[in-house]
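Working notes, beginning with the structure itself.
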């Protein structure tokens, strides 16, 4: 996966790549209980 920021400007959309990333669930021991 890669992290991408999409910005809407007067000229249209601009895509900015911010490198690789990994999304993890925020539940359990180090996150929310539910």
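Numbering (the numbering used here), first residue to last: 387 to 420.
Beta carbons: idealized from backbone N, C-alpha and C, even for Gly.
Reduced DSSP category for residue i - H, G, I as helix; E, B as strand; rest coil
i: residue 395; result: strand
i: residue 412; result: coil
i: residue 417; result: coil
Counterpart residues of residue i in DSSP-defined beta bridges
i: residue 401; result: 392
8 Å Cβ shell around residue i - same chain, five flanking residues per side excluded
i: residue 405; result: 388 and 389
i: residue 411; result: 417
Residues of its chain near residue i, where Cβ-Cβ distance is below 6 Å and the 5 sequence neighbours each way are ignored
i: residue 402; result: 391
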